[in-house]
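Those letters in the sequence shown? Residues 19 to 261, per my numbering, in order.
Below: one structure, written as structure tokens.
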Amino acid sequence: MLPKNIKRILIKYSGEVLAGVNSFGIDPKVVDTISDEIISLTKLNIEIGIVFGGGNIFRGLSASEQGVDRVKGDYIGMLATVINALAIQEAVVRKGSKCRVMSAINMPDVAESMIIRDAINYLDNKEIVIFSAGVGRPFFSTDTGAALRAAEINADLVIKGTKVEGVYDKDPAKYKDAVLYHDLSYDTAIEKKLRVMDITAFSICQDNKIPIIVCNMTKSGNIKKILSGQKIGTLISGENNDK
Ligand code: UDP
19 MLPKNIKRIL
29 IKYSGEVLAG
39 VNSFGIDPKV
49 VDTISDEIIS
59 LTKLNIEIGI
69 VFGGGNIFRG
79 LSASEQGVDR
89 VKGDYIGMLA
99 TVINALAIQE
109 AVVRKGSKCR
119 VMSAINMPDV
129 AESMIIRDAI
139 NYLDNKEIVI
149 FSAGVGRPFF
159 STDTGAALRA
169 AEINADLVIK
179 GTKVEGVYDK
189 DPAKYKDAVL
199 YHDLSYDTAI
209 EKKLRVMDIT
219 AFSICQDNKI
229 PIIVCNMTKS
239 GNIKKILSGQ
249 KIGTLISGEN
259 NDK
């Protein structure tokens, strides 16, 4: 069950959502759709923190498999998330809403330093806050960054946006008979190694009792449906309700 009166959420968009129909880069149409959707949520008085992945531009681990130094590659990946954050901030601000980009790597010319007290003040003032550069260190993922920020801002819910409907028992891109889970416990998600989020991210959410909904974010309107109580995607929570 989702908590009643959800006030503050953390939305995690994987980089691939931003790439749209392409496999690389930022699709301006997607930026337009995402920025509209986020702005419409602020009109519902929802406080929104956002984390973007960087996989549409660069992933340290994949690059290291081709000989790139892992640490350097991860820093490139973190910078990719800042690029994504700035693209969305630009669109949101152009459309007349307030949006901050904070970065876990200090770069004062382009983003505010990640100071949690500032972030909470902005959220209290109903400004959209985009947390970029993951946790600011190599060997982590933006899923972990999202879980960490969700815990820090005391979010009621994490929504993880992907290109598919939720969590499946196997890769739906490869297997036509893949079955979508509607409800999962954190323990099952971890035990079954369902590769939708890494274990560190799950553990942070579990320890802090933050439910996660994994859903298709290429369809606009899904977040509003979730907040209005409709069952969309897969809910991962502390309840032992695997189905
Ligand atoms: N990354 C990192 N530390 C972090 C977050 C991200 O090193 O705290 C790097 C890592 O190389 C990762 C890349 O940034 O592959 C992009 O993030 P991620 O793969 O999580 O993006 P997504 O798959 O969600 O698009």
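Cβ atoms here follow ideal geometry from the backbone N, Cα and C, with glycine treated the same way.
These numbers were taken from a predicted model, which means no experiment stands behind them.
Rounded straight-line distance, which links the Cα of residue j to that of residue i
| i | j | result |
| --- | --- | --- |
| I333 | A165 | Nothing can be reported for residue 333: it is not among the residues displayed for the chain, which extend from 19 to 261. |
| K210 | V185 | 11 Å |
| L97 | A151 | 6 Å |
| D142 | A129 | 19 Å |
| A169 | I146 | 17 Å |
| P46 | V119 | 19 Å |
| D50 | K90 | 31 Å |
| P229 | D136 | 24 Å |
| H271 | K192 | Beyond the ends of the chain as shown, which are 19 and 261, falls residue 271; an answer cannot be given. |
| F42 | V214 | 20 Å |
| K249 | M125 | 40 Å |
Where the alpha helix (DSSP H) through residue i begins and ends
| i | result |
| --- | --- |
| I244 | 240-245 |
| V89 | 88-112 |
| S82 | 78-83 |
| Y140 | 134-142 |
Beta-carbon proximity check, residue i vs residue j, cutoff 7 Å
| i | j | result |
| --- | --- | --- |
| T99 | T162 | no |
| D92 | P156 | yes |
| E34 | G72 | no |
| S53 | A103 | no |
| K30 | V69 | yes |
| T180 | S80 | no |
| I231 | L253 | yes |
| G247 | C233 | no |
| Q107 | I148 | yes |
| K144 | T60 | yes |
Sequence-distant residues of the same chain with beta carbon closer than 7 Å to residue i, five excluded per side
| i | result |
| --- | --- |
| L55 | The sequence shown places Glu at residue 55, rather than the Leu named in the question. Closer than 7 Å at the Cβ level, and outside the excluded window around E55, lie S238, I241. |
| S82 | R88, G91 |
Residue of the options minimising C-alpha distance to residue i
| i | options | result |
| --- | --- | --- |
| I57 | C117, G247, C223 | C117 |
| M132 | G154, D174, V111, R112 | G154 |
| G78 | S41, T206, F158 | F158 |
| D174 | K113, I208, G67 | G67 |
| A122 | I222, K227, R167 | R167 |
Delimiting residues of the beta strand (DSSP E) encompassing residue i
| i | result |
| --- | --- |
| G67 | 65-70 |
| G179 | 175-180 |
| D201 | 201-203 |
| F149 | 146-150 |
| K47 | Here K47 belongs to no beta strand (DSSP E); instead the alpha helix (DSSP H) covers 46-60. |
| R213 | That residue, R213, is in no beta strand (DSSP E); it is neither H nor E in DSSP. |
Spatial neighbours of residue i in its chain, beta-carbon cut-off 8 Å, leaving aside the 5 residues before and after
| i | result |
| --- | --- |
| D189 | A196 |
| I64 | I24, K25, R26, I27, L245 |
| N139 | none |
Own chain, CB closer than 6 Å to residue i, minus 5 neighbours either side, in chain order
| i | result |
| --- | --- |
| L198 | E183, G184, Y186 |
| I44 | L36, A105 |
| F76 | I94, G95, A98 |
| N40 | none |
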